[in-house]
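Heads up: the structure comes next, in structure tokens.
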Amino acid sequence: GGERKTMQGHFHTFQVNSLLPVSVCNPSIKGYGKKATLKVVHKHGPCSHLSLDEANAPNVTQILSEDQSRVNIIHFRLSSNSAQNNILNSSKATLPVNSGASIGTGNFIVTVGLGTPKKDLTLLFDTGSDLTWTQCQPCLVSCYRQQEPIFNPNESTTYKNISCNSAECTQLTSHAGGVIKRCSNSSTCIYGIGYVDQSYSIGFFSKDTLTLTPTDVLPNFRFGCGQSNRGLFGGAAGLLGLARNQLSVVSQTSSMYQKYFSYCLPSTSSSTGHLTFGKGGTSSALKLNFTPFSRNSKNPSFYFVHITGIKVGGRKLSIAKSVFKTTTSIIDSGTVITRLPPAIYSALRVAFRQKMTNYPMTKGLSMLDTCYDLSNNKTVLIPKIRFYFQGNVKVPIYPTGILFGHSVSQVCLAFAGNSNASD
Amino acid sequence: VGVFGNHQQKTLEVAYDVTGGKLGFGIGGCS
Chain A
2 GGERKTMQGH
12 FHTFQVNSLL
22 PVSVCNPSIK
32 GYGKKATLKV
42 VHKHGPCSHL
52 SLDEANAPNV
62 TQILSEDQSR
72 VNIIHFRLSS
82 NSAQNNILNS
92 SKATLPVNSG
102 ASIGTGNFIV
112 TVGLGTPKKD
122 LTLLFDTGSD
132 LTWTQCQPCL
142 VSCYRQQEPI
152 FNPNESTTYK
162 NISCNSAECT
172 QLTSHAGGVI
182 KRCSNSSTCI
192 YGIGYVDQSY
202 SIGFFSKDTL
212 TLTPTDVLPN
222 FRFGCGQSNR
232 GLFGGAAGLL
242 GLARNQLSVV
252 SQTSSMYQKY
262 FSYCLPSTSS
272 STGHLTFGKG
282 GTSSALKLNF
292 TPFSRNSKNP
302 SFYFVHITGI
312 KVGGRKLSIA
322 KSVFKTTTSI
332 IDSGTVITRL
342 PPAIYSALRV
352 AFRQKMTNYP
362 MTKGLSMLDT
372 CYDLSNNKTV
382 LIPKIRFYFQ
392 GNVKVPIYPT
402 GILFGHSVSQ
412 VCLAFAGNSN
422 ASD
Chain B
218 VGVFGNHQQK
228 TLEVAYDVTG
238 GKLGFGIGGC
248 S
């Protein structure tokens, strides 16, 4: 009995139908009231005012396909400069295509104010991008469909274009999250940021007032005012860049928040989370365990961390320490599924499958290859998964973070391997 | 290079202390 009790401690008892989408929003975060706190919601969930009708909402296969595109671009940006140059040199494509930039689709959105008087814009929030951009009138070339009115610089008394010969224009570098710059003569500084699936935003590099909350207002915030935009952004007006480099919101608000921000992503698409700028936004009852950021001078935008181990069902994966030692990882709010080097993922998969032999397996879902048909179960026991980061920081994965699925007949282990150990 | 994605970050309080060079995880920070 004791042994059984111990075993139970290494499993989650999981209600299968808790994986299914819910159509009613159940706000769970009220914010802590002291600092600049924005509400975070899933862009396709019932708490989002951008929520698409059922016919136009992406299915899980599309979401996973977009996620793979994003990870491919992350690996491209992390690849050697020579590899990137070869690709860039071999391309005759125009500005955004093959730029190696990553905007990603992301899943979570926040609403901020831009201009004077401020216009509310709902943006994808992305710790893997530096530049914040939004679609701008008059959409000289094109704009995709967005839910809110497109930002019109002519209606803002504080809007300014940045000129080509200014120091600010030089901040648009490939190190700034893959953004590229074009200048003709000494006119307006032009930015471009793109995706290899040919989603992109190109436009004027500009300044205007950014309003995070009624009391947290940043004048002369530098952002991209998109005049040529294409892509699948789920009706969002653009993207909020939270990466490390000097263009990001984090850097531009450093005097206000000392480059400190935190967020909590909701456990389901029908609940809400928060994005908070500045220390003191976290409840004092909550203990934070810190792991150091790793350094990578070639890719200063990303937040690198070091995973040192993984436990499944209470047991550490038996992998040579050298495998973890040679693995670097980034933490990214825009990637959905955690990717691991093949050797680590393989060990994780074996351990998970060994603990799930009571449930029938079924076909895979996109890059997810460990899937179960749980249609005959109301509750299931799934092994707990815990990640260890440098500094002995233990991070248990919540049950809905362990599984991914859209129907009880196909519920999958929500981790994937990189296709190549050198990715 | 691995990627720690948002599906696994759910319900965690994730704090970026960029100046301090560290990333914080808090358990149960969303409730």
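Residue numbers (the numbering used here), protein chains in the order written: chain A, 2 to 424; chain B, 218 to 248. Every residue gets a Cβ at the ideal spot worked out from N, C-alpha and C, and that includes glycine.
Residues of its chain near residue i, where Cβ-Cβ distance is below 8 Å and the 5 sequence neighbours each way are ignored
i	result
residue 93 of chain A	Note that residue 93 of chain A scores a pLDDT of 30, beneath 50, so its modelled location is shaky and nothing firm can be said.
residue 221 of chain B	none
residue 358 of chain A	none
residue 1 of chain A	Residue 1 of chain A cannot be examined here, being either before or after the span of chain A that is shown, 2 to 424.
residue 291 of chain A	392 and 394
residue 318 of chain A	310, 311, 312, 345, 348, 349 and 352
residue 259 of chain A	279 and 280
residue 143 of chain A	229, 230 and 231
Residue i versus the options, residue with shortest Cα-Cα distance
i	options	result
residue 115 of chain A	A:160, A:72, A:129 and A:309	A:160
residue 167 of chain A	A:151, A:232, A:72 and A:184	A:184
residue 329 of chain A	A:360, A:297 and A:351	A:297
residue 206 of chain A	A:144, A:376, A:402 and A:227	A:227
residue 418 of chain A	A:345, A:373 and A:406	A:345
residue 382 of chain A	A:356, A:361, A:392 and A:397	A:356
residue 148 of chain A	A:129, A:362, A:234 and A:11	A:234
residue 235 of chain B	A:256, A:24 and A:46	A:256
residue 134 of chain A	A:173, A:274, A:118 and A:17	A:173
residue 26 of chain A	A:362, A:41 and A:77	A:41
residue 240 of chain A	A:217, A:290 and A:129	A:129
residue 279 of chain A	A:203, A:17 and A:38	A:38
residue 324 of chain A	A:341, A:276, A:363 and A:305	A:341
Residues bridged to residue i [DSSP beta-bridge criterion]
i	result
residue 230 of chain A	A:202
residue 243 of chain B	A:289 and B:230
residue 261 of chain A	B:234
residue 372 of chain A	A:363 and A:413
Contacts that residue i makes with chain B (C-beta to C-beta distance below 9 Å)
i	result
residue 21 of chain A	The contacting residues do not exist; residue 21 of chain A stays about 16 Å from chain B at best.
residue 340 of chain A	218, 219, 220, 221 and 222
residue 330 of chain A	218, 219, 220 and 221
residue 118 of chain A	Simply none; closest approach about 31 Å.
residue 108 of chain A	223 and 224
Sequence-distant residues of its chain with Cβ nearer than 7 Å to residue i (five each side left out)
i	result
residue 371 of chain A	350, 353, 354, 413 and 414
residue 86 of chain A	Low per-residue confidence applies at residue 86 of chain A: pLDDT is 43, beneath 50, and the placement is therefore not dependable, though the value from the model is reported in the following sentence. Excluding residues within five positions, none has a Cβ falling inside 7 Å.
residue 140 of chain A	151 and 228
residue 84 of chain A	The predicted model places residue 84 of chain A with a pLDDT of 45, which falls under 50 and marks its position as unreliable, so this point remains unresolved.
residue 90 of chain A	For residue 90 of chain A, the pLDDT reaches just 39, beneath the cut-off of 50, and the residue's location in the model is therefore unreliable, leaving the point undetermined.
residue 2 of chain A	Summary for residue 2 of chain A: the model assigns pLDDT 33, below 50, so the residue's position carries little reliability; its value from the coordinates is reported in the next sentence. Hits under 7 Å: none found.
residue 322 of chain A	none
Proximal residues of chain B, C-beta to C-beta of residue i below 8 Å
i	result
residue 308 of chain A	219 and 221
Contacts that residue i makes with chain B (C-beta to C-beta distance below 7 Å)
i	result
residue 350 of chain A	Under the 7 Å cutoff, chain B gives no residues; its nearest Cβ is about 15 Å from residue 350 of chain A.
residue 288 of chain A	243
Cβ shell of residue i (< 6 Å), same chain only, five flanking positions each side left out
i	result
residue 212 of chain A	114, 119 and 218
residue 241 of chain B	232
Checklist entry - Given a limit of 8 Å on CB to CB distance, which residues of the region 146-178 of chain A reach chain B? => result none
Item to check | Residues in the region 248-281 of chain A having any Cβ partner in chain B nearer than 7 Å | outcome: 251, 259, 260, 261, 262, 263, 264, 265, 266, 267, 268 and 274
Next on the checklist: Which residues of the region 64-75 of chain A have a Cβ closer than 7 Å to any Cβ of chain B? Give them in chain order.
Outcome noted: 72 and 75
Item to check | Contacting positions in the region 125-136 of chain A - beta carbon closer than 7 Å to chain B | outcome: none
Next on the checklist: Output needed in chain order: residues of the region 390-404 of chain A with a Cβ under 7 Å from some Cβ in chain B.
Outcome noted: 394, 396, 397, 398, 399, 401 and 402
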